[in-house]
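In what follows, a single structure is set out as structure tokens and then discussed.
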Amino acid sequence: MTALGGSSDVGLDRPQRRADKERFKFTTFVWLSPAGILLIALFLVPTAYAIYLGFTNLQLLGPHASSFSFTGLANLDRMVHDSVFWSSVKLTLVFVIGSGIIAQTLLGMALALLGQRAHISIRATVGSIVILAWVLPEIAVAFIWYAFGQSGGMLSEIIGKPSDDLLSTVPLLIVCVANAWRGTAFSMLILSAGLRNVPEEVDEAAQLEGAGYWRRLFRITLPIMRPTIMTNMILITIGTISDFTLIYAMTQGGPGNETAILPVYMYIEAFQFNALGYGTAIALSLIVIGGLLSIFYIRQLKPELGKAS
Amino acid sequence: MAKGSDHRRRHKRGTREWALGNFWTAVTWVAAFVLFFPVLWMVLTSFKAEKAAYTSPPRIVFHPTLSEFSQVFSGGVGPPLEHSLFVTITSTVVVLVLAVPAAYSLSIRPVKRWSDALFFFLSTKMLPYVAAIVPIYIVARNLGLLDNDWELVILYTAMNLPIAVWMIRSFLLEVPKEVLEAARIDGANLWTEVTRVIMPIVVPGIAATALICVIFSWNEFFFAVNLTATKAGTMPVFLVGFIQSEGLYWARLAAASSIASLPVILAGWLAQKQLVRGLSLGALK
């Protein structure tokens, strides 16, 4: 088979080429299939099954643990009237869009621009320092900010009220700060790479024409970096939309349900309150949100990816 | 005279730029330090005695001790470390075995229609895997795989596959077409082509991909906490139990967190050069 491939590349007549193409299709399929099958088996099939389970009364333990049944729109009805669910949706949007997409992009961009104006020699050093924030296990990040937010913790000391337990007075703010901290460094690395790809000549030409720094930034640098910024936003979304660890370890969704974003609320309902069916229904709403965002992103990005490959 | 003033102005501008450069360098250092501070705090606190960890205001100069580390080691960190090591290494090896052929077929010998396959790999990453946990839990329970190392190996393999395929593909795209064609004209078969031509070029990229898979598997918590307990609990699961049972012992928790962080910090530094490129799905170099 391989020998045939070798000779057909040398030969220039058309029929052989077409046969060659046919063969490529087959091997492509063979080589893709193990990875493809694993992904289908472990994510698509379970997700499809989850869509069914979301409409059942499945329980973790008890009478409906093994003999569950289809309950129609009961879970959906419960969800629509569940005020905790709606506040959880709001919290998720604040967490993903506020502390994720907006905060990490803005802070990361500010740091990348700073690094660009600083001396080249320190960029690499700063890069390897900030990378730590991203590489650290989320549980370790959660512990650090948990300790910082407690009474007597670093944050309480800094704002001058050492006896305040910030995790019970402003829990959402603290988990958002922790999340922003975790992701900013990574955004900075991505956006710095994007900045380096902006051709210098364009910027210099604008400078000669007398355009100031901010004008050049908004009119030239940022538009050129648009694909990079989009890519970065996708990565942030992927990283935060199903984030469970940080909040679970810091607050477990509390106090009350003040930090229960959808993945945490789903966990509470499914594994603590025994309602696997309802928990799955909550998780499905997360798929809807993720799906809407990914449609938006893929539409924005597909032409650019096509060009790259 | 005109020349002189021009020269002076240029000189002045040079000094000003130099000063500005220093200023921005200083600001960058400060920003980097602020970002770095929480990590520094964790490492410093891990070397403190428990009492010294609580002083208000916190102290930078203290008497370092290893006592909290030995407390963590006698507190049962051994088995979780072993589980984490086994699951991380095994799943990373399996990921590479599956991802390299897939990436190869999507890059060196691309067939147009299959570019959609790339989007398939990406789209599974957009699927919040929180949604899949209940079915996975039920299937694992029915197969008797709950609290088992292999269950995590399979899941982490699937979790890292999309990113690994994308990363390795972007590295394979770097292999110059001319080199490949030259090798084929010289009569190289597929095996020689892969081992002699492609591999030497992409090995650094594959190594970086492996390190990133190591980081993700080592840090993964959601599947681990829902599907394992005492028999297969990994480091993050151990750590969260530690936070819940000894949440007030900051120095001990800092020591445990530092132990859990060390492997990924090393992996992160080693992979740093390729990290951005890989994680931006090859969109950035």
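Protein chains in written order, with my numbering: chain A, 16 to 324; chain B, -19 to 265.
Every residue gets a Cβ at the ideal spot worked out from N, C-alpha and C, and that includes glycine.
### Message
Taking 8 Å as the threshold (C-beta atoms), are residue 237(A) and residue 131(A) in contact?
### Response
no
### Query
Beta carbon of residue 145(B), beta carbon of residue 195(B): below 8 Å?
no
### Query
Does the ligand ATP have even one heavy atom less than 7 Å from the beta-carbon of residue 246(B)?
The ligand content of the structure shown is nil, which means the ligand ATP is not present either.
#### Entry: Spatially closest choice to residue 170(B) from 154(B), 85(B), 148(B), by CA coordinates
85(B)
### Message
Please identify, using Cβ separations under 8 Å, the residues of the region 127 to 154 of chain B that lie next to chain A, in order along the chain.
### Response
134, 135, 137, 138, 141, 142, 145, 153
### Task
Look at the Cβ atom of residue 261(A), then the Cβ atom of residue 192(A), and state whether they are nearer than 8 Å.
no
### Task
Entirely within the region 195 to 238 of chain A and at least 4 residues each: give me those alpha helix (DSSP H) ranges in chain order.
215 to 223, 228 to 231
### Query
Once you ignore the five residues that flank residue 153(A) on each side, which residues in its own chain have a CB closer than 6 Å to its CB?
260, 261
### Message
Spatial neighbours of residue 200(A) within its chain, please: C-beta separation below 7 Å, excluding the five flanking residues on both sides.
### Response
145, 146, 148, 149
### Task
Quick one: which residues of the region 169 to 193 of chain A get their C-beta closer than 7 Å to a C-beta of chain B? List them in chain order.
169, 172, 177
### Query
Is the distance from the Cβ of residue 235(B) to the Cβ of residue 26(B) below 8 Å?
yes
### Task
Determine the closest residue to residue 215(B) out of 207(B), 237(B), 228(B), with distance taken between C-alpha atoms.
237(B)
### Query
How would you label residue 74(A), buried or exposed, when you count the other beta carbons within 10 angstroms and need 16 or more for buried?
buried
### Those residues which DSSP pairs with residue 85(A) across a bridge
71(A)
### Task
Determine, using beta carbons only, whether residue 100(A) and residue 94(A) come nearer to each other than 8 Å.
yes
### Message
On the DSSP letters alone, give me the boundaries of the alpha helix (DSSP H) that residue 100(A) sits inside.
### Response
98 to 108
### Message
Taking the beta carbon of residue 51(A) as the centre, do at least 16 other beta carbons fall within 10 Å, making it buried, or is it exposed?
### Response
buried
### Message
Can you tell me whether residue 71(B) is buried or exposed? The criterion is at least 16 other CB atoms within 10 Å of its CB, across all chains shown.
### Response
buried
### Message
Contact criterion: CB-CB distance below 8 Å. Does residue 22(B) meet it with respect to chain A?
### Response
yes
### Task
Assign residue 229(B) to one of three DSSP states: helix, strand, or coil.
coil
### Length of the line joining the Cα atoms of residue 283(A) and residue 294(A)
8 Å
### Message
Which residues in chain A have a C-beta closer than 8 Å to the C-beta of residue 244(B)? List them in chain order.
### Response
150, 151, 152
### Task
Kindly list, in the order they appear in chain A, the residues whose Cβ is closer than 8 Å to that of residue 190(B).
By Cβ distance, chain A contributes nothing, its closest Cβ being about 15 Å from residue 190(B), past 8 Å.
### Message
Please tell me whether residue 201(B) has its Cβ less than 8 Å away from any Cβ of chain A.
### Response
yes
### Query
So what does DSSP say about residue 28(B), is it helix, strand or coil?
coil
### Query
Should residue 258(A) be labelled buried (16 or more other beta-carbon atoms within 10 Å of its own) or exposed?
buried
### Proximal chain E residues relative to residue 1(B), where beta-carbon distance stays under 8 Å
Checking the listed chains, one finds no chain E in this structure; the protein chains it contains are A and B.
### Task
Output, in chain order, the set of chain B residues within a Cβ distance shorter than 9 Å of residue 109(A).
Under the 9 Å cutoff, chain B gives no residues; its nearest Cβ is about 17 Å from residue 109(A).
### Message
Between which residues of its own chain and residue 191(B) is the CB-CB distance below 7 Å, once the five residues before and five after are set aside?
### Response
247, 250, 251
### C-beta neighbour in chain A for residue 81(B), strict 8 Å
yes
#### Entry: Sequence-distant residues of the same chain with beta carbon closer than 6 Å to residue 110(A), five excluded per side
276
### Query
Mind checking residue 121(B): buried by the 16 CB within 10 Å criterion, or exposed?
exposed
### Task
Locate the alpha helix (DSSP H) running through residue 146(A), then write down its first and last residues.
135 to 150
#### Entry: Contact residues within the region 207 to 225 of chain B, judged by C-beta distance below 8 Å to chain A
215, 216, 219, 220, 223
### Query
By the 10 Å Cβ neighbour count, where 16 or more other Cβ atoms means buried, how is residue 315(B) classified, buried or exposed?
There is no way to answer for residue 315(B), as the model of chain B reaches only from -19 to 265.
### Query
If we count Cβ pairs, one from each stretch, closer than 8 Å, do we get three or more for the region 116 to 130 of chain B versus the region 47 to 58 of chain B?
no
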